[in-house]
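Visitor: Using the numbering used here, read the sequence shown as starting at 2 and increasing by one per residue.
From the three backbone atoms N, C-alpha and C, an ideal C-beta is built for every residue, glycine too.
This structure is a prediction, so every number in the text was calculated from the model and none was measured.
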Amino acid sequence: RLWRSSGRATPTRCLCQVSPGSVPLARSRHRHCARALPLLSVAFCFSSTLVFTASFCRRRALLTGAAGSLGVQDAPAVAQAPAKVQSLTAGFDCAGFHLSGLKRVGAGAHGVAYRESEGLRVAKVGYANTGAALEAECAMLRRLEAAQVPHVVRCAGLCLHDGRAVEVLSPYFPAGRQLSSVSFSSLREAAREALLSDMSAFLVGCLAAGVAIADLQALIDATGRILFFDLTGASLLEGPDGAAVAVTFVGDWCSSLPLEAQQLAATALASELDGLAAGSLPSPAAVALAEAPLATVPESASVRLEA
Numbered sequence: 002r003l004w005r006s007s008g009r010a011t012p013t014r015c016l017c018q019v020s021p022g023s024v025p026l027a028r029s030r031h032r033h034c035a036r037a038l039p040l041l042s043v044a045f046c047f048s049s050t051l052v053f054t055a056s057f058c059r060r061r062a063l064l065t066g067a068a069g070s071l072g073v074q075d076a077p078a079v080a081q082a083p084a085k086v087q088s089l090t091a092g093f094d095c096a097g098f099h100l101s102g103l104k105r106v107g108a109g110a111h112g113v114a115y116r117e118s119e120g121l122r123v124a125k126v127g128y129a130n131t132g133a134a135l136e137a138e139c140a141m142l143r144r145l146e147a148a149q150v151p152h153v154v155r156c157a158g159l160c161l162h163d164g165r166a167v168e169v170l171s172p173y174f175p176a177g178r179q180l181s182s183v184s185f186s187s188l189r190e191a192a193r194e195a196l197l198s199d200m201s202a203f204l205v206g207c208l209a210a211g212v213a214i215a216d217l218q219a220l221i222d223a224t225g226r227i228l229f230f231d232l233t234g235a236s237l238l239e240g241p242d243g244a245a246v247a248v249t250f251v252g253d254w255c256s257s258l259p260l261e262a263q264q265l266a267a268t269a270l271a272s273e274l275d276g277l278a279a280g281s282l283p284s285p286a287a288v289a290l291a292e293a294p295l296a297t298v299p300e301s302a303s304v305r306l307e308a
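Structure representation (structure tokens):
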């Protein structure tokens, strides 16, 4: 209601179900929703459900990640939460794997993630109406795997369990933290340089494969290893919105880095592009990279990015 009274257009959904006292949402990547929460959590401290209708909220309310739950569950209007899926703790077979000792590690708009107690696999169990989204994500991940794009989770297979789509993903970062300016700054200098190189390889690899990803999600560990996950917001550059999604993808990648790292990031990105054969990037990707919104770009790197 507060958003409606501000005169903003009523748009795509951004619905969040917030348990009383769920203040950790202030750390959410959903900047606009998160900015409103401190005020709204005071005004509605006894309410169990808050509904936002802001046009700039993302299409899907992914308010929890594989790094762990932030205390938020999706409202039924976004995705119908499943009744308790049977036999998860006892284990089940899926896509040629026996998954056992599963422990819930997060939930989002398209499913609930469980990891194996031993092993590095994750089972993403869909809701009643999100099976198609998991299938599309798996297809995107397999496209990136075929193109040998590094530092991204792999889809090992799909199955149905108790009527729900299940996506088997690997690997899992047990001690990973979400990529942010804070987690980046905590790394040693050598680890930062390696991380920027790996991030550049992922970005250029995705674009060369014709894929752009909205709302980047990544985990890093203490050594600087990075793993990108959640491709439910991925789309192909060959579509009618190819130029727009490429610009958004590159912009999200740049904004995930602190300002003091962006000069090194530009150099790492230029070095990665130097290894590509001429003409191997789709046109929307080339334009987006040439105009990458990095705050400080050395002259030498700028010329190489524009080229």
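Taking the alpha helix (DSSP H) that ALA266 falls in, what are its first and last residues?
Guide: Its alpha helix (DSSP H) spans residues 263–275.
Visitor: Considering only C-alpha positions, which residue in the set LEU103, ALA166 and ALA244 is nearest to GLY132?
Guide: Residue ALA166 is the option with its Cα nearest to GLY132.
Visitor: Can we say the region 223–240 touches the region 254–266, given the rule of at least three CB pairs closer than 8 Å?
Guide: At 8 Å Cβ cutoff, the stretches do not touch.
Visitor: Under a Cβ-count criterion, where at least 16 other Cβ atoms within 10 Å of its own Cβ denotes burial, should HIS99 be classed as buried or exposed?
Guide: The residue in question, HIS99, is exposed, as its Cβ has fewer than 16 Cβ neighbours within 10 Å.
Visitor: Would the beta-carbon of VAL150 fall within 9 Å of that of PRO172?
Guide: Contact: no.
Visitor: Using the three-state DSSP reduction, which class does GLU117 fall into: helix, strand or coil?
Guide: Reduced to three states, the DSSP call for GLU117 is strand.
Visitor: May I ask which residues mark the beginning and end of the beta strand (DSSP E) holding GLU168?
Guide: That run of the beta strand (DSSP E) goes 165–171.
Visitor: Between the C-alpha atoms of VAL123 and ALA213, what's the straight-line distance to the nearest angstrom?
Guide: If I take the Cα positions, the gap works out to 23 Å.
Visitor: For GLY92, is the classification buried or exposed, using 16 other Cβ atoms within 10 angstroms of its Cβ as the cut-off for buried?
Guide: Exposed is the call here.
Visitor: In angstroms, rounded to a whole number, what distance separates the CA positions of GLU146 and SER281?
Guide: If I take the Cα positions, the gap works out to 17 Å.
Visitor: Pull the bridge partners of GLY109 from the DSSP assignment, please.
Guide: In the DSSP output, where bridge partners are listed per residue, GLY109 has none listed.
Visitor: Contact between the region 197–217 and the region 273–292: three or more CB pairs below 8 Å?
Guide: Yes: the two stretches touch, three or more of their Cβ pairs being nearer than 8 Å.
Visitor: Judging by CA-CA distance, which residue of ALA219, LEU159 and LEU197 is the nearest neighbour of LEU180?
Guide: The candidate whose alpha carbon is nearest that of LEU180 is ALA219.
Visitor: SER184 and LEU217: beta carbons closer than 9 Å?
Guide: Their beta carbons are not under 9 Å apart, which means SER184 does not touch LEU217 by this criterion.
Visitor: Give the DSSP-derived three-state secondary structure of SER236 in the structure shown.
Guide: Here SER236 sits in strand by DSSP.
Visitor: Along the chain, where does the beta strand (DSSP E) that runs through LEU159 open and close?
Guide: Per DSSP, LEU159 belongs to the beta strand (DSSP E) from 155–162.
Visitor: Could you compute how far the alpha carbon of ALA289 sits from the alpha carbon of LEU306?
Guide: Cα-Cα distance, rounded: 10 Å.
Visitor: Under 9 Å, do ALA108 and CYS160 count as touching if we go by C-beta distance?
Guide: No.
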